[in-house]
Amino acid sequence: MCGIIGYIGDRPAAEVIVRGLRRLEYRGYDSVGVVTAENGRLYIKKGAGKIDEVVERLNLLDMPGKRGLGHTRWATHGVPNDTNAHPHGDCTGRIALVHNGIIENFIELKEELTKKGHTFESDTDSEVIAHLIEEELKSSGSFEEALRKALLKLKGSFALGIVYTEEPDRLYFVRNESPLVLGIGEGETFGASDIPAFLEYTNRVVFLDDMEYAIVTKDSWVVKNLKTGEEVEKDVKTVNWTLEMAEKAGFPHFMLKEIFEQPRVLRDAIHGNAKVIGDVAREIADYEKIFIVAMGTSYHAGLVGKYLFQRLAKKIPIVEDASEFRYEFEDLIDENSLVIAITQSGETADTLAAMKLAKRRGAKVLAIVNVVGSMATRIADLTLYTHAGPEIGVAATKTYTTQLAVLTMLAIELARTLGTADEEHLRELEEGLRRLPDVVENVLSSSEPLKELAENLKDRPNFFYIGRGIGVPTALEGALKLKEISYIHAEGLSAGELKHGPLALIEEGVPVVAIAPRGKTFDKMVSNIEEAKARGAYVIALGDSERLREISDAFIEMPAVDELLSPIPYVVPLQLLAYHLAVLRGNDPDKPRNLAKSVTVE
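Listed below in structure tokens is the structure:
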């Protein structure tokens, strides 16, 4: 998730921008860059590395000018290096911009612009935008008109800061599905991804909405609709946050912030893979020996992938802990094998070891990764990115649901390639997947009762999470979240396993969380819930059937979605329940004891 800061005023712009970039470090980044403008010229300095390293190496603080833009890059297209760092410019040297988001159609646009004589320096999708504006400027009456015409050709998400040498008194900021907020000071104006970037200078802010752009000078600002060019009335709001609060966008913890970011990052995951998923599916379609390797939450994503591949593509993957894979499957891997490795960081030691083994044995390796340029991407033959942005909280939330989105897209395309599922059903699943960000938004907006539920349950020493079929991984993930941050013992299992032993542990008041979307095994799931209820369990049921309300002690009503899509929205209340229980028990959910974000040792 890139960080943007822009400034126009009477202070040295480079100093303000660098200070703002330091305030955005928590977002995660791999490279840094600044552009300033003075006397009709742009000054651009950028490089891979940490802010302090790049500032010292490139003397960023010596850059002239009192307006400019800064950027911390989290790579999505193109590896982290000096060339791919932002800002990016056009052929004339008059336009420079910084970008946060994903442009879905950048390849087509780049090809068109190349044919018209444009030359590109980087591998990024972002550079295309600068050249597109340059091209539109040739036939436009103003820079603003060219900007609008160019941006309306983009498909995907974008927050932008733009500077143009021929307009020495202004900057442009744009938002569509990526955050952008203005800071309104006295004789100075800011634009940034997050409020902390400028909070030391002003606490007066204007939030841009999707498909809006702002034209700012040091003393004025106006917001307009990108489609029509008409002015949009905006209120200036005052925020009473400390800097620490602001880094978390007003949330008390990063984990909660990241839970609420899921609608946006799900859109990014879907947009970011729309053009490549078909090619990957076709390349792996002929493999029959399929192994999915991962650890922790990523392993649970792999289990969901197993159900999706079985139900849609009629493939039967083996899902294995990466830590066990190389000891148990070494002699079974060969050139006819496909190994799908799922790792948020791309640096998980056990998963990397499994990937290296697979490569030595001649297998095809597909990595599903969040961090561009990580070791997993360098080992793999093929890579799909989850586009979740940096995740600060140790307990995975948004990185899990974006992994599920990518696996769902892959399973759909595999089924289409192989002809193993009804095309109408596949289209319905695709449409349902596109709606899931809004579904998750609705789940989050109605999540307040979970706090009260957590208050009721905070002293219970044991929890059980149960599901059937594709709901089993959700049960496992819900139990893991509870264990990780609340330190309550929890067990996730197939509901069908209850009567084969675990039912002996169910007694009066023991919470049993039941994941029960409508589907193939719904009636069986109801019977399992009733078994637990008969032994005194306190049943918390998630589903969209009124029948569940009748047999549960607490009913979490879920939106109706296809059973195969249910793992994404159904895990969200479980994340929130674990979060609230952790806080009520006095724990820091961002930093659970004994755990690290990325396990880089075996």
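Read left to right, the sequence shown gives residues 523 to 1124 (our numbering). Where a beta carbon is used, it is the ideal one built from N, C-alpha and C, also for glycine.
* Backbone CA spacing between Ile988 and Val994 [nearest angstrom] -> In the sequence shown, the residue the question calls residue 988 occupies position 466. In the sequence shown, the residue the question calls residue 994 occupies position 472. In this structure, the alpha-carbon of Ile988 lies about 7 angstroms from that of Val994.
* Beta-carbon proximity of Ile799 to Leu888, cut-off 8 angstroms -> Numbered from 1 along the sequence shown, position 277 holds the residue referred to as residue 799. Numbered from 1 along the sequence shown, position 366 holds the residue referred to as residue 888. Contact annotation: Ile799 and Leu888 have beta-carbon atoms that are not nearer than 8 angstroms.
* To do: Return the CA-CA distance between Val754 and Lys637, expressed in angstroms with no decimal places.
  => Taking the sequence shown and counting its residues from 1, one reaches residue 754 at position 232. Taking the sequence shown and counting its residues from 1, one reaches residue 637 at position 115. Taking the CA atoms as reference points, Val754 sits about 37 angstroms from Lys637.
* Asked: Where does Phe720 fall in DSSP's three states?
  -> The sequence position of residue 720 within the sequence shown is 198, counting from 1. Reduced to three states, the DSSP call for Phe720 is coil.
* Asked: Alpha carbon to alpha carbon, how far is Val1083 from Val787?
  -> Taking the sequence shown and counting its residues from 1, one reaches residue 1083 at position 561. Taking the sequence shown and counting its residues from 1, one reaches residue 787 at position 265. Roughly 19 angstroms separates the two Cα atoms.
* In the DSSP assignment, find the alpha helix (DSSP H) that holds Ile1010 and state where it starts and stops. => Along the sequence shown, one-based indexing puts residue 1010 at 488. Run containing Ile1010: none; DSSP gives neither H nor E here.
* Can you round the beta-carbon distance between Gly528 and Ala714 to whole angstroms, since I take them to be within the 8 angstroms contact cut? -> Reading the sequence shown from its first residue, position 6 is the one you call residue 528. Reading the sequence shown from its first residue, position 192 is the one you call residue 714. Taking a contact as a CB-CB distance under 8 angstroms, the pair Gly528 and Ala714 counts as one, their CB atoms being some 7 angstroms apart.
* **Neighbourhood of Ile840 by C-beta, 6 angstroms cutoff - its chain only, sequence neighbours within 5 removed** => Taking the sequence shown and counting its residues from 1, the one referred to as residue 840 is at position 318. These residues qualify, in order along the chain: Phe813.
* Could you give the C-beta distance for His909 and Thr598, rounded to a whole number, given that I count them as a contact under 8 angstroms? -> Taking the sequence shown and counting its residues from 1, one reaches residue 909 at position 387. Taking the sequence shown and counting its residues from 1, one reaches residue 598 at position 76. Confirmed, Cβ separation roughly 6 angstroms.
* Asked: Hey, would you say Ile1073 sits closer than 8 angstroms to Lys1055, going by beta carbons?
  -> Within the sequence shown, the letter at position 551 stands for residue 1073. Within the sequence shown, the letter at position 533 stands for residue 1055. A contact, by the Cβ cut-off of 8 angstroms.
* Where Gly592 sits in the DSSP three-state scheme -> Working through the sequence shown from its first residue, we reach residue 592 at position 70. Gly592 carries a strand assignment under DSSP once its states are collapsed to helix, strand and coil.
* To do: Return the bridge partner residues of Lys567 from the DSSP annotation.
  => Start at 1 with the first residue of the sequence shown, and residue 567 comes out as number 45. Its beta-bridge partners are Val556.
* Hey, could you find the ends of the alpha helix (DSSP H) Gly542 is sitting in? => Sequence index remark: in the sequence shown, residue 542 carries index 20 (1-based). Residue range 535-545 is occupied by the alpha helix (DSSP H) that includes Gly542.
* To do: Leaving out five residues on either side along the sequence, give the residues of the same chain with a beta carbon under 7 angstroms from the beta carbon of Met733.
  => As a working mapping, residue 733 is identified with position 211 in the sequence shown. Non-local beta-carbon contacts of Met733 in its own chain, meaning distances under 7 angstroms to residues more than five positions away in sequence, involve Asn698, Asn747, Leu748, Lys749 in chain order.
* At a cut of 8 angstroms, does the segment 850-859 reach the segment 948-961 through at least three beta carbon pairs? -> Short answer: they don't touch.
* Asked: From which residue to which residue does the beta strand (DSSP E) around Thr711 run?
  -> Mapped onto the sequence shown, residue 711 falls at position 189. Thr711 -> beta strand (DSSP E) spans 711-714.
* To do: Taking the CB atoms as reference points, tell me whether Glu975 and Leu830 lie closer together than 8 angstroms.
  => The count along the sequence shown starts at 1 and reaches residue 975 at position 453. The count along the sequence shown starts at 1 and reaches residue 830 at position 308. The residue you asked about is not Glu; residue 975 is Leu in the sequence shown. It is not a contact, given that the beta carbons lie outside the stated cut-off.
* What separation, rounded to the nearest whole angstrom, lies between the Cα atoms of Asp1110 and His775? -> If you number the sequence shown from 1, residue 1110 lands on position 588. If you number the sequence shown from 1, residue 775 lands on position 253. Computed Cα separation, rounded: 8 angstroms.
* **Whole-angstrom C-beta distance between Val540 and Leu583, which should lie under 8 angstroms** => By 1-based counting over the sequence shown, the position of residue 583 is 61. By 1-based counting over the sequence shown, the position of residue 540 is 18. Confirmed, about 6 angstroms.
* **Cβ distance (whole Å) where Ala997 is taken to contact Val1034 below 8 angstroms** => The residue given as residue 997 occupies position 475 in the sequence shown. The residue given as residue 1034 occupies position 512 in the sequence shown. With a Cβ gap of about 10 angstroms, Ala997 and Val1034 do not count as contacting.
* In the structure shown, what three-state DSSP assignment does Asp843 receive? -> Taking the sequence shown and counting its residues from 1, the one referred to as residue 843 is at position 321. Three-state result, Asp843: strand.
* Does DSSP put Glu1079 in a helix, in a strand, or in coil? -> As a position in the sequence shown, residue 1079 is number 557, starting the count at 1. Glu1079 carries a strand assignment under DSSP once its states are collapsed to helix, strand and coil.
* Range of the contiguous beta strand (DSSP E) that encloses Gly809 -> Position 287 of the sequence shown, counted from the start, is the residue given in the question as residue 809. The residue you asked about is not Gly; residue 809 is Tyr in the sequence shown. Under the DSSP assignment, Tyr809 falls outside any beta strand (DSSP E); it carries neither an H nor an E label.
* Meets three-Cβ-pair contact criterion under 8 angstroms: the segment 699-710 and the segment 670-683 -> Under the 8 angstroms Cβ criterion, the segment 699-710 counts as touching the segment 670-683, having at least three qualifying pairs.
* Just curious, the alpha helix (DSSP H) that Ile781 is in, first and last residue? -> By 1-based counting over the sequence shown, the position of residue 781 is 259. Ile781 -> alpha helix (DSSP H) spans 776-782.
* Compare the Cα-Cα distances from Val961 to each of Glu1030, Pro1089, His822 and report the closest residue. => As a position in the sequence shown, residue 961 is number 439, starting the count at 1. A check of alpha carbon separations from Val961 across Glu1030, Pro1089, His822 identifies Pro1089 as the nearest.
* Asked: Near Gly772, what residues of its chain come up, given a Cβ to Cβ distance below 8 angstroms and the 5 sequence neighbours on each side ignored?
  -> Residue mapping note: residue 772 aligns to position 250 of the sequence shown, counting from 1. For Gly772, where only same-chain residues beyond five positions count, the Cβ hits under 8 angstroms are Val761, Trp763.
* Around the Cβ of Thr711, are there at least 16 other Cβ atoms within 10 angstroms (buried) or fewer (exposed)? -> In the sequence shown, counting from the first residue as 1, residue 711 sits at position 189. Burial call: buried.
* Buried or exposed: where does Ala1104 fall if 16 or more other Cβ atoms within 10 Å of its Cβ makes it buried? -> Locating residue 1104 in the sequence shown gives position 582, counting from the first residue. Buried: at least 16 other Cβ atoms inside 10 Å.
* Measuring alpha carbon to alpha carbon, tell me which of Thr930, Gly615, Ile1028 ends up nearest Thr558. => Walking along the sequence shown from the start, residue 558 turns up at place 36. Checking every option, the nearest Cα to that of Thr558 belongs to Gly615.
* May I ask which residues mark the beginning and end of the alpha helix (DSSP H) holding Lys637? => Stepping through the sequence shown from its first residue, residue 637 is reached at position 115. Run containing Lys637: 628-637, per the alpha helix (DSSP H) assignment.
* Asked: Which residue's Cα is closest to the Cα of Gly525: Cys613, Ile717, Ser820, Thr605?
  -> For this step, residue 525 is matched to residue 3 along the sequence shown. For Gly525, the closest alpha carbon among the candidates Cys613, Ile717, Ser820, Thr605 is that of Ile717.
* State the DSSP-derived secondary structure class of Pro690, mapped to helix, strand or coil. => Here residue 690 refers to the residue found at position 168 when the sequence shown is read from its first residue. Reduced to three states, the DSSP call for Pro690 is coil.
* Asked: What residue ranges within the segment 721-767 form continuous beta strand (DSSP E) runs of no fewer than 3 residues, ordered along the chain?
  -> Taking only runs of at least 3 residues, the beta strand (DSSP E) segments lying wholly in the segment 721-767 are 726-729, 734-738, 743-747.
* **Range covered by the beta strand (DSSP E) that runs through Val962** => Translated into positions along the sequence shown, residue 962 becomes position 440. No beta strand (DSSP E) holds Val962; the alpha helix (DSSP H) holding it covers 945-967.
* **Cutoff 6 angstroms; reference Ala1140; Cβ partners in own chain excluding five residues on either side** => Since the displayed the chain opens at 523 and closes at 1124, residue 1140 lies outside it and no answer follows.
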